[in-house]
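So the working numbering is basically just the index in the sequence shown, starting at one, shifted up by 22.
All C-beta atoms, glycine included, are put in the ideal place defined by N, C-alpha and C.
In what follows, a structure is listed as structure tokens, so that the remarks can point back to it.
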Amino acid sequence: MDILDRIVQPISEKNALGKALKEDPRLDFIDEEMMKVGSLSHGSIEWGKVEELTIELLQTQTKDIKLLSNLLQCLQQDTNLEGVLLSLKVLTVFVNAYWLDAYPMPGEKGKGLRARFYKQIMQRNSKAIKRTAVSSEDKEEITQILADLEAALNGVELDLALFVSLQLAFKEREAEPLEVFEAPALMPGDTADAEKAQLAPQVPSVYFDPKNERATRQSLFSMAGFLNTTDVKADLGYRVRRNALWFSIWQLPSAKQGNITELAAFSQDRYRDYAGLIEKQPSLALLNKIERSIEQSPYWFDGQHLSYLLCQKLGYEKVATAIKQELQSFVERLPEIVNYQAQDGSAFASVKTLQWLEQSPSNNGHSGSGSGSGEVDDSWQEQYQKLLQMSEEQGLNQALLHINMQLSKSGSVREQYYWRLLSADLLSEQQLSALAKNEYQVLLNNIKGMSVDDWEPSFSGLLQQSLANIDNSGL
Numbered sequence: 023m024d025i026l027d028r029i030v031q032p033i034s035e036k037n038a039l040g041k042a043l044k045e046d047p048r049l050d051f052i053d054e055e056m057m058k059v060g061s062l063s064h065g066s067i068e069w070g071k072v073e074e075l076t077i078e079l080l081q082t083q084t085k086d087i088k089l090l091s092n093l094l095q096c097l098q099q100d101t102n103l104e105g106v107l108l109s110l111k112v113l114t115v116f117v118n119a120y121w122l123d124a125y126p127m128p129g130e131k132g133k134g135l136r137a138r139f140y141k142q143i144m145q146r147n148s149k150a151i152k153r154t155a156v157s158s159e160d161k162e163e164i165t166q167i168l169a170d171l172e173a174a175l176n177g178v179e180l181d182l183a184l185f186v187s188l189q190l191a192f193k194e195r196e197a198e199p200l201e202v203f204e205a206p207a208l209m210p211g212d213t214a215d216a217e218k219a220q221l222a223p224q225v226p227s228v229y230f231d232p233k234n235e236r237a238t239r240q241s242l243f244s245m246a247g248f249l250n251t252t253d254v255k256a257d258l259g260y261r262v263r264r265n266a267l268w269f270s271i272w273q274l275p276s277a278k279q280g281n282i283t284e285l286a287a288f289s290q291d292r293y294r295d296y297a298g299l300i301e302k303q304p305s306l307a308l309l310n311k312i313e314r315s316i317e318q319s320p321y322w323f324d325g326q327h328l329s330y331l332l333c334q335k336l337g338y339e340k341v342a343t344a345i346k347q348e349l350q351s352f353v354e355r356l357p358e359i360v361n362y363q364a365q366d367g368s369a370f371a372s373v374k375t376l377q378w379l380e381q382s383p384s385n386n387g388h389s390g391s392g393s394g395s396g397e398v399d400d401s402w403q404e405q406y407q408k409l410l411q412m413s414e415e416q417g418l419n420q421a422l423l424h425i426n427m428q429l430s431k432s433g434s435v436r437e438q439y440y441w442r443l444l445s446a447d448l449l450s451e452q453q454l455s456a457l458a459k460n461e462y463q464v465l466l467n468n469i470k471g472m473s474v475d476d477w478e479p480s481f482s483g484l485l486q487q488s489l490a491n492i493d494n495s496g497l
């Protein structure tokens, strides 16, 4: 199970917060290790074990801010950015779910104590950032994580001055140039060997520890990156990355109100930016950027779909197939996961992604039948991407006129209904939710008297998911 899932998971159905923990051998060990911080014994602290025990207690025994503070300090020990960003995401989900009622002193009487813990946590975050390398490529992800944290802090009325200091710490690191080390002087005969050494990717060290999922995951991510650099068209690195993402997730995330989790949604603005670049400027650099975003978001299934589409654009067919197969394998493990939603009600998997996932590997597109009957050579998803681009460049009216022309050419009921589904999807994308909802409902009502479930089993499911997405969005 992902760390964020474990932290946000209620202790039990009847008691989400658990109990105030006073006596537990695990707690004693954590306290003993944390007493070493800043002392002569600092170097002997077992950070990995402390991290796992704090997660275990927060998941199964108590929602305690002191334990949370200890966990965040463990995560911040990494000198890479991944640990710092993870600590901010853990803080965000905990604040959203438990902050005001958490131990050791819940409610109004604990307000002062919570403020002191908060100050301590934020100051440590700022210090951790100052020793972390931050590149321009990380800016979008950092911006989104900080936006989620700011919203959470506003929700519990915490002092935002400390948050502003955190923002400034990131900006200072972004402005600093990366340190450059000079290579030792070369002898005349060493030039060829040096060039080979510079061209050869450095093999990362591999670390596997069943008791430290995060370190194992990061090691696998590093290996995936290495494999991608050795052969960009090979699928192994992409499979390893997805194994790292999901190897520890065997349970559905904790959810309230049915299938709405406490997890933050992926930025829709960034999703639209990625989708637009796939159409206009597909590149390996863009693929690497999307893959880095995927590493931070195990339930961002739309991102998996974007990677697939981009790989197809780049001609990496083997990689595209691997991405889809790995996601399908994960969904087979937890079939209900595709119906889950982020905290704001946005779906883990959009209608387009569900449609793509339900296509068989041997038929990645829904083809029409018969020449001159509105035959669709590309997948319906690709048709939708073309409609989005047309709408952006020529206006919504032109895109709808194109759909109308295709409807007039359609030679089968199946084709007609899919074109109408695309028109409703387009209206929904343009925030015309009432019109989209009406069209979805009309289509759903029409197919009830037909044998559509035999003709296309997924169609009614797509319509129902679309209606649910609009209802949850509140538009």
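Where residue i falls, given that 16 or more other Cβ within 10 Å makes a residue buried
{"i": "Val30", "result": "buried"}
{"i": "Gly458", "result": "Rather than Gly, the amino acid found at residue 458 in this sequence is Ala. By the 10 Å Cβ count, Ala458 comes out buried."}
{"i": "Asp27", "result": "buried"}
{"i": "Pro320", "result": "buried"}
{"i": "Ser329", "result": "buried"}
{"i": "Leu423", "result": "exposed"}
{"i": "Ala137", "result": "exposed"}
{"i": "Val59", "result": "exposed"}
{"i": "Met245", "result": "buried"}
{"i": "Lys311", "result": "buried"}
{"i": "Glu35", "result": "exposed"}
{"i": "Val464", "result": "exposed"}
{"i": "Thr82", "result": "exposed"}
{"i": "Asn147", "result": "buried"}
{"i": "Val178", "result": "exposed"}
{"i": "Ala169", "result": "exposed"}
{"i": "Leu485", "result": "buried"}
{"i": "Lys161", "result": "exposed"}
{"i": "Ser289", "result": "buried"}
Bridge partners - residue i, DSSP secondary structure assignment
{"i": "Gly337", "result": "Looking at the DSSP assignment, Gly337 forms no beta bridge with any residue, so it has no partner."}
{"i": "Gln363", "result": "Ile282, Ala369"}
{"i": "Asp86", "result": "Tyr125"}
{"i": "Gly40", "result": "Thr84"}
{"i": "Ala277", "result": "Thr283"}
Nearest-angstrom beta carbon gap, residue j and residue i [assumed within contact, 8 Å]
{"i": "His327", "j": "Trp378", "result": "6 Å"}
{"i": "Ser488", "j": "Val373", "result": "5 Å"}
{"i": "Leu242", "j": "Leu356", "result": "About 20 Å separates the two Cβ atoms, so there is no contact after all."}
{"i": "Ala490", "j": "Gln365", "result": "Ala490 to Gln365, Cβ: 16 Å. No contact."}
The alpha helix (DSSP H) enclosing residue i, as first and last residue numbers
{"i": "Ser241", "result": "235 to 252"}
{"i": "Ala256", "result": "From DSSP, Ala256 is part of no alpha helix (DSSP H); its letter is neither H nor E."}
{"i": "Lys131", "result": "From DSSP, Lys131 is part of no alpha helix (DSSP H); its letter is neither H nor E."}
{"i": "Glu172", "result": "161 to 177"}
{"i": "Ala155", "result": "Counting along the chain, Ala155 falls outside any alpha helix (DSSP H), and DSSP gives it neither H nor E."}
{"i": "Ser63", "result": "That residue, Ser63, is in no alpha helix (DSSP H); it is neither H nor E in DSSP."}
{"i": "Asn310", "result": "306 to 317"}
{"i": "Ser450", "result": "435 to 451"}
{"i": "Glu404", "result": "402 to 416"}
{"i": "Ser109", "result": "103 to 120"}
{"i": "Ile25", "result": "25 to 30"}
{"i": "Gln290", "result": "290 to 302"}
{"i": "Ile52", "result": "47 to 56"}
Nearest residue (CA-CA) to residue i, options the options
{"i": "Leu190", "options": "Met144, Ser445, Gly177, Leu180", "result": "Met144"}
{"i": "Glu235", "options": "Ile77, Gln438, Gly60, Lys58", "result": "Ile77"}
{"i": "Gln98", "options": "Leu113, Lys85, Thr84, Asp86", "result": "Leu113"}
{"i": "Cys333", "options": "Ser158, Ile359, Glu301", "result": "Glu301"}
{"i": "Leu47", "options": "Val72, Tyr406, Ser91", "result": "According to the sequence shown, residue 47 is Pro rather than Leu. Among Val72, Tyr406, Ser91, the Cα nearest to that of Pro47 belongs to Val72."}
{"i": "Leu39", "options": "Ser91, Cys96, Pro126, Val106", "result": "Pro126"}
{"i": "Leu306", "options": "Arg292, Leu285, Asn281, Gly337", "result": "Gly337"}
{"i": "Val117", "options": "Glu317, Glu284, Ala446", "result": "Glu284"}
{"i": "Ala421", "options": "Gln428, Met412, Lys111, Leu429", "result": "Met412"}
{"i": "Leu108", "options": "Gln318, Phe185, Ala266, Asn467", "result": "Gln318"}
{"i": "Phe269", "options": "Arg239, Tyr120, Thr165", "result": "Arg239"}
{"i": "Leu79", "options": "His64, Lys141, Lys41", "result": "Lys41"}
{"i": "Lys278", "options": "Lys85, Ile425, Ala119", "result": "Ala119"}
{"i": "Asn37", "options": "Glu54, Leu349, Glu162, Thr84", "result": "Thr84"}
{"i": "Glu54", "options": "Asp123, Ser450, Asn92", "result": "Asn92"}
{"i": "Leu267", "options": "Lys161, Lys408, Asp50, Trp322", "result": "Trp322"}
{"i": "Lys149", "options": "Arg195, Gln453, Glu380", "result": "Arg195"}
{"i": "Leu180", "options": "Leu75, Gly134, Ala155, Met56", "result": "Gly134"}
{"i": "Val262", "options": "Arg442, Val341, Ile164", "result": "Val341"}
{"i": "Leu466", "options": "Phe51, Ala369, Leu122, Tyr440", "result": "Tyr440"}
{"i": "Leu299", "options": "Asn468, Leu49, Lys335, Glu172", "result": "Lys335"}
{"i": "Ala297", "options": "Phe352, Phe248, Lys408", "result": "Lys408"}
Residue i beta carbon near the ligand ATP (any heavy atom closer than 7 Å)
{"i": "Asn491", "result": "With respect to the ligand ATP, the structure shown offers nothing to examine, as it has no ligands at all."}
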